[in-house]
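**Student:** Below you'll find the structure I mean.
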Amino acid sequence: MATKTKILLFVIFTVLAFGSAFFYFNFNPSEYSLFPKCPFYSFTGLYCPGCGSQRAIHQLLHGNISKGLNHNFLIILLALVLVYDAIAYLLNNYYKKSFKNLLHNPKTTNIILILVIAFWILRNIKIYPFTILAP
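Each residue of the sequence shown is one higher than the one before, starting from 310 at the first, in the working numbering.
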């Protein structure tokens, strides 16, 4: 990919990321109806792996880590994957290092998939301690 295209994509991604962070910081999804509701929950009454993520992001941006995790524990995995992938990308493309990204390994993908599916199932069990996983 050409350098100008990489820079343009980086600028677009950065603007979108900061714009989203600004939006989620200033508007609480629990208080405003402009945020989309989960279609899976609306149709089934069951929580999907992403249910509570918008509220979790809002709380985390305000420094309320425990409240954010109460909405969606899976946000930790998301943050780890995003940070790791960003670091791997920067090392390989801007610092010209030869860093093997473990996220591109099928075993890693399968492990993440198993964790997400297990979380999805467990958060819908209406027995303590699984009720802690519900948003």
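Quick reminder that beta carbons are idealized off the backbone N, C-alpha and C, glycines included.
#1: Please report the distance separating the alpha-carbon of Cys357 from that of Tyr350.
#2: By the DSSP assignment, the alpha helix (DSSP H) with Ser362 in it spans what residues?
#3: Going by C-alpha to C-alpha distance, which of Thr353, Asn401 and Phe344 sits closest to Ser362?
#4: Does the Cβ-Cβ distance between Leu370 and Ile421 come in under 9 Å?
#5: Let me make sure I understand the geometry here. Which of Arg432, Asp394 and Asn379 has the alpha-carbon closest to that of Asn414?
**Tutor:** Quick answer:
#1: 7 Å
#2: Where Ser362 is concerned, the enclosing alpha helix (DSSP H) stretches over Ser362 to Leu370.
#3: Phe344
#4: no
#5: Asp394
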